[in-house]
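Worksheet: one structure, shown below.
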Ligand code: NAD
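Numbering (our numbering), first residue to last: 2 to 299.
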């Protein structure tokens, strides 16, 4: 099964990165967004990625121009999917939006098209029925930024046909990702199954006064050889996401300590504009955070 024409649905933070990564690797890309504003945002992202790839990643102007020439943009779903071999969906993380998107997509996509979702917190089986083709539907999950954190978590649900699973693993590799096969549905895939508990316990150690964040990071870095500790990772992920996860999980499980922790993150960081690397300060100050100093681990 040949994959050459790829449609990206949702031109936001992740969709625009996936579109860029796919185009720069030689595939034809159509970016679809339900809203003109979303599509314009995607075009702006692509202008920025063009500069980033030229200045920071050593990609030539010719390659960038060729990638841009391979991307087209539309708000018309029928036009977007007319000859799609694969669709990568990055519409907002709301079940009703995903369901109505797949209902609509199922009406227009040709039979050959493989559907993939980039949902971070939902399982493919939650909207497999709406796709009308559960056997050709699975998750292909990216991390942010797609090109640096280049794992592609490929996850089947119980009705996915193995041949499409293999085709998507191959596709992920062809767009520069390291494909990670996930044979059963797992909330949080592999990365977040590991990371969320680590970050959660680290925050508990800090917010309950067991130790300070630098010592917790040092412990992790020295003992595992990692280049970054849990609090460095929290700055990278961003306080808003860390807060959202703590509040969501705390509310779901009625865990008062977790809700308290979410409130502390809000009061001590978010309300003070310390959102992490994106604003130059979280637990550490950027650029040049202390944990990158060779003396940090001494
Ligand atoms: P975003 O809000 O930046 O972008 C969503 C885009 O979808 C917007 O441009 C919006 O106009 C468009 N949209 C809304 N409804 C639509 C519809 N019905 N059809 C088509 N387009 C529609 O969101 P995001 O951060 O890019 O997240 C999108 C998906 O990617 C989510 O499922 C999220 O879990 C996943 N994801 C996000 C990240 C991240 O770091 N942001 C990482 C991995 C996966």
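The beta carbon of each residue, even a glycine, is placed where N, CA and C say it ideally should be.
query: How big is the Cα-Cα spacing for residue 278 and residue 240?; result: 9 Å
query: Taking a contact to mean a Cβ-Cβ separation below 7 Å, would you say residue 104 touches residue 131 in this structure?; result: yes
query: Taking only heavy atoms of the ligand NAD into account, decide whether any of them is closer than 6 Å to the Cβ of residue 91.; result: yes
query: Return yes when the C-beta of residue 34 is under 6 Å from any heavy atom of the ligand PLP, and no when it is not.; result: Among the ligands present in this structure, namely the ligand NAD, the ligand PLP is not found.
query: What three-state label does DSSP hand residue 74 in the structure shown?; result: strand
query: Comparing alpha-carbon positions, which option in 233, 243 and 261 lies nearest residue 288?; result: 233
query: Does the pairing of the region 167–174 with the region 95–114 give three or more beta-carbon distances under 8 Å?; result: no
query: Tell me the rounded alpha-carbon separation between residue 211 and residue 203.; result: 10 Å
query: Would you grab the beta carbon distance between residue 118 and residue 140 for me? Rounded to a whole angstrom, and I think it's under 8 Å.; result: 5 Å
query: Taking the alpha-carbon of residue 154 as reference, which of 177, 133, 191 and 165 has the nearest alpha-carbon?; result: 191
query: Just confirm the distance between the C-beta atoms of residue 10 and residue 88, as a whole number of angstroms; I'd bet it's less than 8 Å.; result: 6 Å
query: Along the beta strand (DSSP E) that carries residue 270, what are the first and last residues, could you check?; result: Unbroken run through residue 270: none, as it is neither H nor E.
query: From the DSSP output, read off the bridge partner residues of residue 153.; result: 143 and 180
query: Who are residue 115's beta bridge partners in DSSP?; result: 87
query: Verify the contact flag: residue 121, CB atom, against every heavy atom of the ligand NAD, threshold strictly below 6 Å.; result: yes
query: Cα separation between residue 235 and residue 243?; result: 7 Å
query: Below 7 Å between beta carbons: does that hold for residue 26 and residue 177?; result: yes
query: Provide the residue span of the beta strand (DSSP E) that contains residue 32, from first to last.; result: 29–33
query: Residue 14: beta carbon under 6 Å from a heavy atom of the ligand NAD?; result: yes
query: Would you mind reading off the limits of the alpha helix (DSSP H) that contains residue 25?; result: 14–25
query: Is the closest heavy atom of the ligand NAD to the C-beta of residue 172 under 6 Å?; result: no
query: If you drop the 5 nearest sequence neighbours on each side, which residues of the same chain put their C-beta closer than 8 Å to that of residue 73?; result: 30, 31 and 32
query: Could you check whether the Cβ of residue 77 sits closer than 6 Å to any heavy atom belonging to the ligand NAD?; result: no
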